[in-house]
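Please read the structure below before turning to the comments.
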Amino acid sequence: MFNSKEEFIQAFSEKLETELGMGVETATEHDAYRSLGALVKDHINKNWLQTNHQYESNQNKQVYYFSMEFLMGRLLGNNLLNMQLLSLVKEGLADLGFSLTSLEEQENDAGLGNGGLGRLAACFLDSLASLGLAGHGYGIRYKYGMFEQAIIDGYQVELPDRWLANEFVWEVRRPEQSLEVRFGGHVNSRVSSDGTLIFEHVDYEQVQAVPYDVPVVGYNNETVNTLRLWSAEASQEDTLKRASQQDGFGNFLTHKRSLEEMSEFLYPDDSHEAGRKLRLKQEYFLVSAGVQSAIRSFEHLNLPLSSFPEKVSLHINDTHPALVIPELMRVLIDEKGLGWEAAWTITQASVSYTNHTTLSEALETWPVDFVRTLLPRLHMVIEEINERFCQQLWGQDPGDFDRIAKLAIIADGQVKMAHLAIVGSHSVNGVAKLHTEILKTREMKNFYAVFPERFNNKTNGITHRRWLLHANKLLANHIKEAIGDRWISQPDQLRDLIGKKDDEAFLDQLGGIKQQKKRELASFIKDNYGIAVDTNSIFDVHIKRLHGYKRQLLNVLHIMYVYHELKSNPSFEMTPRTFIFAAKAAPSYHFAKKVIKLITRVAGVVNNDPAVNGQMKVVFLENYSVSLAERIIPATDISEQISTASKEASGTGNMKFMMNGALTLGTMDGANVEIHDLVGDKAIYTFGLSSEDVLSYGQNGGYSSREVYESDERVRRTLDQLVHYSPFSKGETEFRDLYDSLLAYNDEYFVVKDFANYVATQQRIGYDYQQKREWNAKSLLNIAHSGRFSSDRTIQEYAQDIWDIRPVRTLK
Ligand code: 26V
1 MFNSKEEFIQ AFSEKLETEL GMGVETATEH DAYRSLGALV KDHINKNWLQ
51 TNHQYESNQN KQVYYFSMEF LMGRLLGNNL LNMQLLSLVK EGLADLGFSL
101 TSLEEQENDA GLGNGGLGRL AACFLDSLAS LGLAGHGYGI RYKYGMFEQA
151 IIDGYQVELP DRWLANEFVW EVRRPEQSLE VRFGGHVNSR VSSDGTLIFE
201 HVDYEQVQAV PYDVPVVGYN NETVNTLRLW SAEASQEDTL KRASQQDGFG
251 NFLTHKRSLE EMSEFLYPDD SHEAGRKLRL KQEYFLVSAG VQSAIRSFEH
301 LNLPLSSFPE KVSLHINDTH PALVIPELMR VLIDEKGLGW EAAWTITQAS
351 VSYTNHTTLS EALETWPVDF VRTLLPRLHM VIEEINERFC QQLWGQDPGD
401 FDRIAKLAII ADGQVKMAHL AIVGSHSVNG VAKLHTEILK TREMKNFYAV
451 FPERFNNKTN GITHRRWLLH ANKLLANHIK EAIGDRWISQ PDQLRDLIGK
501 KDDEAFLDQL GGIKQQKKRE LASFIKDNYG IAVDTNSIFD VHIKRLHGYK
551 RQLLNVLHIM YVYHELKSNP SFEMTPRTFI FAAKAAPSYH FAKKVIKLIT
601 RVAGVVNNDP AVNGQMKVVF LENYSVSLAE RIIPATDISE QISTASKEAS
651 GTGNMKFMMN GALTLGTMDG ANVEIHDLVG DKAIYTFGLS SEDVLSYGQN
701 GGYSSREVYE SDERVRRTLD QLVHYSPFSK GETEFRDLYD SLLAYNDEYF
751 VVKDFANYVA TQQRIGYDYQ QKREWNAKSL LNIAHSGRFS SDRTIQEYAQ
801 DIWDIRPVRT LK
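Residue numbering for the sequence shown follows the numbering used here, beginning at 1 and increasing consecutively.
Printed below as a string of structure tokens:
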């Protein structure tokens, strides 16, 4: 390891030469990035090997976090940070004429996820390694990750994400650890000589699952865990066999493509289950490779299979990898010769499941026919699990057909993945207190009655290393000056900042840092979009996936209202605002795409109207991604978390903003409730219906958006602007579907209902923002309480309550 700037310069120059055959003078930023990456990886490798040795020799229990998504973002800066090399490398590079920040920007985001669920998985990996816990990710090495979004003529256009186009410097291909995954075919059963039933899978297609390992570097503790991403390839053997048949080559190519599409692209829809066969193939591909790989590692320990749950935890990130349950059963029974009961005990004790949504349209179900043809042996296992579970229910409550019909894993020709996940695991958790309560009392009420001990809450968290230490060094340093750096290993200690709440100089400096981050974002906006924004205005930010329930429409309707007031009401007063949006819409989600169109239309009108330009601007930043979030969040004053209460399971953006000193404008939904509990009424702006209100309207009716429309003139005028002649719509029909969703379809997400309350709360924010010192004190309170939302806390809870694992190394 290099211990000084000089040693770094020496090592870096050598690397440029040996790796790229290049001198420092001729290297481009991209060359420099590549060789820096290679150099850093050399150093990681030593610790990686050592960590693995240590896990093996200590026989530590290993956790495998199965997730169809890992939204990692860029790794260079974070790896340097966690290795404590950031300042040394930065200075060394500066001496050579390179800026570390520019080199970091050479890296493509690893965007192998849609949103919250995938980013959570990435934060969890960082915390596992940083806490010295043996936890690894299993995912898919999609050739194309989350699509790249361009805005053309105000509309979203999706472009392929070629993140692998210039080599991904962090991965290591490990072909020797490849495994075979089988699809299709038939199952023959026969009775063996000793009387046991044997199942033989025949006529199947096979695909090679080739692992690409990515190191996950812990913070200052020499731990390096593994994110193992599986890639689908045609096997050599299969290739030879096909190539030698008639029409060998053509046949081979078609076949190869059909196999390799399994790791071709990430499904970009995170709220509608489309029931695509390829998606089910992807899920089984991940599951089968992961389960086999976990068993292979376990077998190195030479222990009886009965101790598998003491040495291995298989965690499933939502139901997408729920096939882990029947797959583990299959391997244990068919390949390891265990009986059903023994296999079932092991499976249940090893598997745990996190639920991330209560939206019914996102709950996974698969047609039984799909499962039977694609995975004939797993289909048999699932049927047996279902049969035995239904028997158990019958035994508890004979004759209650209704209950059995509701709880069955297979019903109406569908396999219900959430039911499979609950029945086959020992722990089911929600991701915020409110969400878990909703699961227990509503969505999964019947299961809660059967297995109350399985249900538990693990409120989400985010890694403060990426989202504060790395994304906002200025703020992190300011905090260190005030309270030292204990909070880095114990984020709860950020509470010491509360002592600074009356320290005027400190609060002014805090305000100064926010201004600086706003200036940086403003120049990014100017450079990329040509829009000049006022850094003294409130930066009001709404960045997340575009979805009806997240209510970007409520935000934009408020902007339309404010614009109208500014133009027509001379006594209307407002604190200048910059409204910032970023959001990707699922490609087939027409409503969401229309909302983007509306935002960009409103932006065009507002930004080009000199009459309001001193007061407001609207900016839609394209291609929302982890690295864009890292730019925006530190510069935010107001964090919009305005989901329809009960619909957002937790939210994690809310936590990132809070940690960077933004104030939340939010509904009492998801983890906003817990933010409110911590900071108190004065340091958060809550508004709108409660989750009880929303759920009860859903159950009993009683809401009419038209009544509100007719009784509130501001609502009527604003909505009418969508369809009548107005600055935003020249009477076109373009926004008719948005209008109809609010009136004809009675406003599913209660936008109209919450409008008045939202407007009033925004007004209050405008006044409060003018009291700078008080504002900064509220901002401070948010930062001070944000330690609770470090994913270190979340992971410690998982480790203790669900996985039963302890740190391997003591933290330095
Ligand atoms: C569903 C589907 C279904 C169609 C195929 C692709 C796909 C991909 C993902 C999903 C489920 C997405 C669920 C999700 O992201 N939930 C979010 O999880 C966050 C972390 O727990 C949480 O903070 C958010 O509130 C929750 O919406």
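Quick reminder that beta carbons are idealized off the backbone N, C-alpha and C, glycines included.
Computed from a predicted structure; not experimentally measured.
Leaving out five residues before and five after residue i in sequence, what residues of the same chain have Cβ atoms less than 7 Å from its Cβ?
i	result
K518	T535, F539, A635
K501	A777, L780, L781
V89	F8, L80, L100
Y749	G548, Y549, R551, T644
A405	A411
L253	none
T810	Bear in mind that the predicted position of T810 carries a pLDDT of just 47, short of 50, making it too unreliable to give a figure here.
R279	Y267
Would you say residue i touches ligand 1, meaning its beta carbon is less than 7 Å from a heavy atom?
i	result
V431	yes
Y267	yes
L120	yes
S786	no
H558	no
S705	no
G116	yes
S271	yes
R551	no
E283	no
H832	The shown model of the chain, from 1 to 812, leaves out residue 832, and the question about it has no answer.
A421	no
T652	yes
D740	no
R793	no
R466	no
E648	yes
G670	yes
D318	yes
N460	yes
Near residue i, what residues of its chain come up, given a Cβ to Cβ distance below 6 Å and the 5 sequence neighbours on each side ignored?
i	result
V360	Here the sequence assigns Ser to residue 360, which means Val is not the residue at that position. None.
A294	Y64, V312
S102	E29
G116	T652
L75	W170
R276	none
V287	P321, L323, V324, E327
G680	none
Within its chain, find whatever has a CB closer than 8 Å to the CB of residue i; leave out the 5 residues flanking it on each side and keep chain order.
i	result
N897	Only positions 1 to 812 of the chain appear in the structure, and residue 897 is not among them; the question remains open.
P268	N114, M146, F147, E158, K584, A586, P587
A121	Y65, S67, E69, F70, L71, G113, G137, G139, N317
D369	G413
K458	T354, N429, G430, V431, T794, E797, Y798, D801, I802
Please check the pair residue i and residue j, which I expect to be a contact at CB under 8 Å, by giving their CB distance rounded to whole angstroms.
i	j	result
T347	L323	That belief does not hold up - the Cβ atoms of T347 and L323 are roughly 12 Å apart, past 8 Å.
P727	V605	5 Å
T365	C123	Between C123 and T365 the Cβ distance is about 29 Å, and since that is not below 8 Å, they are no contact.
L621	I580	7 Å
N607	K617	6 Å
A582	L628	6 Å
L305	I805	The pair is not a contact, with the Cβ atoms about 20 Å apart (cut-off 8 Å).
V759	V708	That pair is no contact at about 13 Å.
I409	I382	7 Å
State whether the stretch 228–236 contacts the stretch 198–214, with contact taken as three or more CB pairs (one from each stretch) at a distance under 8 Å.
-> Proximity of the stretch 228–236 to the stretch 198–214 meets the contact definition, three or more beta-carbon pairs being nearer than 8 Å.
In chain order, which continuous runs of the beta strand (DSSP E) of length 3 or greater are located wholly inside the stretch 273–343?
-> 312–317
In chain order, each alpha helix (DSSP H) run of at least 4 residues that lies wholly inside the stretch 235–270 = 236–243, 248–260
Are the stretch 171–185 and the stretch 143–156 touching, with three or more C-beta to C-beta distances below 8 Å?
-> no
Considering only residues of the stretch 393–478, which uninterrupted alpha helix (DSSP H) runs meet the minimum length of 4 residues and lie entirely inside it, listed in chain order?
-> 401–407, 417–423, 433–438, 445–450
Can you list, in chain order, the stretches of the beta strand (DSSP E) that have 3 or more residues and sit fully within the stretch 101–157?
-> 110–112, 135–140, 148–152
Output the residue ranges of the alpha helix (DSSP H) runs that lie fully inside the stretch 4–31 and measure 4 residues or longer, sorted by chain position.
-> 5–20
Inside the stretch 587–621 only - alpha helix (DSSP H) runs reaching at least 4 residues = 590–607
Can at least three beta-carbon pairs, one atom from the stretch 764–777 and one from the stretch 730–743, be found at a separation below 8 Å?
-> Short answer: they don't touch.
Taking only runs that begin and end inside the stretch 668–719, name each unbroken alpha helix (DSSP H) of 4 or more residues, in chain order.
-> 672–679, 691–700, 705–711
Whole runs of the alpha helix (DSSP H) within the stretch 41–111, excluding any shorter than 4 residues | 76–82, 86–95, 100–104
Does the stretch 104–113 touch the stretch 26–43, meaning 3 or more C-beta pairs lie closer than 8 Å?
-> Yes, since at least three Cβ pairs between the stretch 26–43 and the stretch 104–113 fall closer than 8 Å, the two stretches touch.
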